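Below: one structure, written as structure tokens.
Protein chains: 2
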Amino acid sequence: MEFNNLFVLAPVAAVLALIFAYLFYRQIMKVPEGTEKMKEIAHAVRVGAKAYLKRQYVVVAIFFILTSLFLVFLSFVLKVQSRWTAFAFLTGGFFSALSGYLGMMAATNASARTANSARTSLNSALRVAFRAGAIMGLVVVGLGLIDISIWFSVLHYLVKYDLRLTTVTLLSFGMGASLQALFARVGGGIFTKAADVGADLVGKVEAGIPEDDPRNPAVIADNVGDNVGDVAGMGADLYESYTGSILSSAALGASAFYATKYTLNAVILPMVVAAVGMIASIIGIYLVKAKEDASQKNLLNALNRGIYGASLLIIIATYFIIKTLLPHNMGIFGSVITGLIVGLIIGKSTEYYTSSSYGPTRFIAHQSLTGPATTILGGLSIGMLSTAIPVLAVAFGIIIAFWAAGGFSQPILGLYGIGIAAVGMLSTLGITLATDAYGPVADNAGGNAQMAELPPEVRKKTDALDALGNTTAATGKGFAIGSAALTALALLAAYIEEVRGGLIRLVNNGWVFKDIAKVVGSSDVQAILNWLHHATIGDFMRLFAVNLMNPKVIVGVFLGAMMPFFFSGLAIKAVGKAAGEMVEEVRRQFREIKGLLEGKAKPDYATCVEISTKGAQKAMVAPALSAVLAPIITGLILGVSGVMGLLIGALSSGFILAIFMANAGGAWDNAKKFIEEGNYGGKGSEPHKAGVVGDTVGDPLKDTAGPSLNILIKLMSMVSVVVAGLVVAYHLL
Amino acid sequence: MEFNNLFVLAPVAAVLALIFAYLFYRQIMKVPEGTEKMKEIAHAVRVGAKAYLKRQYVVVAIFFILTSLFLVFLSFVLKVQSRWTAFAFLTGGFFSALSGYLGMMAATNASARTANSARTSLNSALRVAFRAGAIMGLVVVGLGLIDISIWFSVLHYLVKYDLRLTTVTLLSFGMGASLQALFARVGGGIFTKAADVGADLVGKVEAGIPEDDPRNPAVIADNVGDNVGDVAGMGADLYESYTGSILSSAALGASAFYATKYTLNAVILPMVVAAVGMIASIIGIYLVKAKEDASQKNLLNALNRGIYGASLLIIIATYFIIKTLLPHNMGIFGSVITGLIVGLIIGKSTEYYTSSSYGPTRFIAHQSLTGPATTILGGLSIGMLSTAIPVLAVAFGIIIAFWAAGGFSQPILGLYGIGIAAVGMLSTLGITLATDAYGPVADNAGGNAQMAELPPEVRKKTDALDALGNTTAATGKGFAIGSAALTALALLAAYIEEVRGGLIRLVNNGWVFKDIAKVVGSSDVQAILNWLHHATIGDFMRLFAVNLMNPKVIVGVFLGAMMPFFFSGLAIKAVGKAAGEMVEEVRRQFREIKGLLEGKAKPDYATCVEISTKGAQKAMVAPALSAVLAPIITGLILGVSGVMGLLIGALSSGFILAIFMANAGGAWDNAKKFIEEGNYGGKGSEPHKAGVVGDTVGDPLKDTAGPSLNILIKLMSMVSVVVAGLVVAYHLL
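Line by line, the protein sequences give chains A and B. Take the first sequence: its position 157, counted from the start at 1, is 157 in our numbering, and no numbers get skipped. Take the second sequence: its position 5, counted from the start at 1, is 5 in our numbering, and no numbers get skipped.
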């Protein structure tokens, strides 16, 4: 068994990240939580969030147990999978959930503390909120990389699987992470948006009370929602992205460098890049410092210094890592740079289409002059138009990264380069996630300040922090979206690897495949095994006729392209339905609880939390089930070529639909804010009402369905990988 | 040169259809137009519609001339296309425009006459409106088939091209038809929806005056829009679908039966099916008769008798046609039956999702209780969910039709079967289009009655006719959408044929292709030519590596999937913008023209027509240009494999997006009508206002962007076919 010293970096950096996360947690907990009222509110939100997550985990656990039984059946009865699959799957789900949970605990503990710090200065509030975000970032990357390190060591060094088998088995770990992330995003997303929409429509529009007003019965649900959706959901989501990119690249590395002396190097390369990125992130987090009397611009510069500093470090480090591990493939470094450029372009494009400093969002604001219908049409059209630049950027990125890493004649090397590019984009997740996750903390701090009736300047400061976060988050989101597309592509290639593994397993078990025998030109088992071990991706494409004139591929593409629409429809319908119930309930309370609007009586917060909980619980199973079943059913009917069509269809349509929804939602949100700044009549005017309608429509698009699609795409790929052995052995056509 | 007597059926049936269209026109013109006021209004709409079309044709003509120059350059300078391309392209555009124009003339002449007949009885009004629709139907199929017959005779019998070359050259005729149809749908769609939205938002919602009230300044623009958008646009659209399905099947027939004694039979089969369908349609039209005192239900039965009668006739006839022409391929009949089943399923699914008799539309109506935001979310989610059944139906259809016609080992035969299935679905277009096109005539008759201040029972009758049309139109739309998907698939295969033709042309001109030489195993020109003549689709897939792991294919799929979004974004934005201007103008007239709302002063209709005209003129060029340039640029950079990826991506995402938009729009429309029937508060209530917002958002989705996507998909395929020679000779990667 070979060993490479650099591999040690992975567990070491991971432990380091967790230690720093713990240190930051202790730092935060030392900050006082403020007045009794503030503590009480923070406690209520914390309890509500924990209570919801517990109930969510029960549903998820049942789903996971059933899926594990299915995997056990595949491994031990049908013998079409490695025996470690079910166990790896469960741990992936567990650690993904843990990431979200720990991140959320940090966030709920930080909100009142951020608000309390904002009573003294903007800078100290930034420190608390940003530290809370950093905990989330470091927990996600730390847990992710330590799990990968352990599993890799177990399978490769203890069980002594070869590298190809080790890395594809690891992908079932990824399936667990993806499935849990999907539940977290969809469930949390439905919870938070039902509460948000309900609170806004009745509170802000009908009753005319401000956001986060304690008289609003849905206000606690709304704040709980921010934590279970935006924080816990985001944590699980990025855990999935992060581990997914590393695992898929490792699998491709094992295959691209099969039977060369660089196999191990290629497999550990993504882990080493991630490890160094983690250290760069910790350094970056310490670079985020500002003077006590810093202006908002200074603070933005401080955040950017952290992000850019970490990025620069990782670029330089990656060059040397590749030079050390794969000295003859420096083109891969070109792929990494390409990936970063693609991420930047997507981030800038997001900013252009969703910031009120530019034309598109202002166009929507202008359309609000003629009412809600033209506002909606404006947002829909801007969202659709905004898909062009990211798609062109990804297209450009794929071509260049392929070309740089391997040239078109060696797709497996090109795909490996693409996988590494995704790893590079996510390597500084420790800090980019910190800038993303601190937004909800600041948002909740504002809610806390409002409900605790702190002076308005406190709210102003937390709002400033929130706005700050939105700007830096655009870049982080660009990287997350871009890396999702690249990772999904790498998974597509990993799928072929698993098909290879499945075929080898079956041939070893005595199965006879006539198609392969025909291609190999012999039905001798040894000759077939030899062919299978050395076949290129191109050989497999021919074996399964994965070309665009194969009706099975075409049908797969159709079905795949439909999945994101169907999935989004389920999620949006669930939000609409739960939000409708929430509106009725809030209206009922205003009507029936005497003295509520005058502040003399207390609203019934618990019923609103219950409506969101039930809405999320009931509605999250169908989308998850459809995501898991689609690749299995397609595979059992159409076989390998149908599955590959399905995955490409889902990837392309899901990527585009996700950008459409994210940008339309973001643009509506900021168009409304632009009106609230006093344009086109300002707050309370008819255009403002139209703007609120736009924002409300955009909410479930950008915060429930949109971010879930990135997970959906990868989950479908992971499921395909895990059931590849089944599909190869049993399919109808 | 072989000849088959059955071919004569095509020109004969076509002439017959045109003769019947003329007879119906004379019948209609004998009906009196009614009062002076009615004549005056009909005249104003007719003049406005003609004036708009003239201006549209000027823009289109410039675009066509430039495109022809490009095609001349390809044919005569680069020598990568047949010399007939530019001319065939121009005639396709001309006849497509003529179909729309003649259909619109019939419709504008019939509206006042329908209203006038409605003063006596529902049945006589039905007869006039349905005859006008039938004129449109027969003109479209008659002109389509006569053009195909003439071009086929010229190229095959006079120029003496072989059948493969003849049929692919004919596809450039299809490109002209598609391009003109795209302009008609987009331009007309923007015109009509800008006027409609503007008229509704200010007239109905703000001023509270009824639909089609003569005091509304946008009312003439609205009525003109119905004719240039819904009638002329639909005519050009279906001309394109009809000829596209015949031409693509003919091209596949030439290839699938290459060098057998059935080649000519396979090529003329779609034309013969179309010819017999035309005769069946004429018979069907005569079956639509009802007693003078018929109830609405009787009338519906009368319409259905016509449609089902014609369909039954064509099914029986098709069996015998296939038995005569391709006796050894009776499986193709199975494909035709499969196609009809798919069309029926899509039609039923459309009905389920958009009729207020079922759950989905009622859910949207219920969501209106909590305001416009939840109404919009309801429609978006229903639209997204509604994509599942049509996609599953098409997936099922593709698999079964392939399998029936050729089995998976012979994709070219399977694709030919799919093409013939599309021809079968559209063969009774003469009558199905009649039931579709008479809706706008009835709608306009209602407008005429309202503006001419006829008694309300006249309006009631025209509304009943309109409602009647909506029910029968659902099936017709199912066939149109389903056939578009199947035709686009057939075109994908035809593309490979044109690539073959392009390669042969270039090799004959002395080009050397190393890749082919390598595959053939010889660089001898004669050996290469021989290989090219006999290579199967599978051979070409391998030659160009059109598999799902080729980065060029993947990038193509991404770009293709993005195109329908980008295109729809442009169209919806144009409607939103022009509608916004229209709203401002109508508001201005209500404000500035004294006595307008009291009916004492006349509004300035012309300015509103001008706003719609300018909005359409300016905005239709960019979408058309993007549709034409996308395949050319993709091809020049990525080559054949990139183009095929582009087409599959555009087909899948465009098909799904089109269904999403059509069904969301339809469901919003009918949810609003459901509320107007007195549910959830009825007319004038807050839920009704929310319903109007939903309907307004849905308008450009279902009537501008949605129907254009079917054309977009095919236009991109046609352009790819026409520039295939260029792409084969010159491409970057």
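Ideal placement from N, C-alpha and C gives every residue a C-beta, glycine not left out. The model shown is predicted, which means the values in this text are computed figures rather than measured ones.
Closer than 7 Å to chain B by CB, residue i
i, result
"Phe-191(A)", "no"
"Pro-411(A)", "yes"
"Ala-373(A)", "yes"
"Ile-398(A)", "yes"
"Gly-649(A)", "yes"
"Leu-532(A)", "no"
"Ile-376(A)", "yes"
"Asn-547(A)", "yes"
"Ala-395(A)", "yes"
"Lys-30(A)", "no"
Reduced DSSP secondary structure (H/G/I, E/B, other) of residue i
i, result
"Asn-547(A)", "strand"
"Asn-216(A)", "coil"
"Trp-84(B)", "coil"
"His-366(A)", "helix"
"Ile-528(B)", "helix"
"Met-330(A)", "coil"
"Thr-613(A)", "helix"
"Asp-604(B)", "coil"
"Arg-55(B)", "helix"
"Tyr-358(B)", "coil"
"Ser-720(B)", "helix"
"Val-288(A)", "coil"
"Ile-593(A)", "coil"
"Asn-4(B)", "coil"
"Met-451(B)", "helix"
Chain A within 7 Å of residue i, Cβ atoms only
i, result
"Gly-482(B)", "no"
"Phe-544(B)", "no"
"Pro-551(B)", "yes"
"Leu-559(B)", "yes"
Reference residue i, options the options, closest by Cα
i, options, result
"Gly-277(B)", "Ile-420(B), Ile-389(B), Leu-326(B)", "Ile-420(B)"
"Asn-109(B)", "Val-586(B), Met-136(B), Thr-120(B), Leu-468(B)", "Met-136(B)"
"Asp-604(A)", "Glu-598(A), Arg-588(A), Val-336(A)", "Arg-588(A)"
"Ile-98(A)", "Asn-223(A), Val-228(A), Arg-127(A)", "In the sequence as presented, Ile is not what sits at residue 98(A); that position holds Leu. Among Asn-223(A), Val-228(A), Arg-127(A), the Cα nearest to that of Leu-98(A) belongs to Val-228(A)."
"Asp-147(B)", "Lys-54(B), Arg-119(B), Gly-698(B), Ala-274(B)", "Ala-274(B)"
"Ile-400(B)", "Phe-333(B), Ser-241(B), Ile-633(B)", "Phe-333(B)"
"Ser-68(A)", "Lys-79(A), Phe-89(A), Val-441(A)", "Phe-89(A)"
"Lys-30(B)", "Ala-106(B), Gly-538(B), Ser-523(B)", "Ala-106(B)"
"Phe-408(B)", "Val-728(A), Ile-337(A), Ser-641(A)", "Ser-641(A)"
"Ala-729(A)", "Gly-510(A), Asn-663(A), Asp-699(A)", "Gly-510(A)"
Rounded distance between the beta-carbons of residue j and residue i, thought under 8 Å
i, j, result
"Leu-486(A)", "Ala-422(A)", "4 Å"
"Val-231(B)", "Gly-103(B)", "6 Å"
"Arg-215(B)", "Leu-596(B)", "6 Å"
"Met-384(B)", "Ser-568(A)", "5 Å"
"Ala-280(B)", "Ile-314(B)", "5 Å"
"Ala-705(B)", "Met-661(B)", "6 Å"
Any non-hydrogen atom of the ligand FMN closer than 6 Å to residue i Cβ
i, result
"Val-47(B)", "Because no ligand of any kind appears in the structure shown, any question about the ligand FMN cannot be addressed here."
Check your understanding: Counting only runs that start and end within the stretch 666-712 of chain A, where is the alpha helix (DSSP H) found for 4 or more residues in a row?
Key -> List check, alpha helix (DSSP H) in window: 686-700.
> What are the complete beta strand (DSSP E) segments, minimum 3 residues, inside the stretch 210-270 of chain B?
Replying inline: Unbroken beta strand (DSSP E) runs of no fewer than 3 residues, entirely contained in the stretch 210-270 of chain B, are not found.
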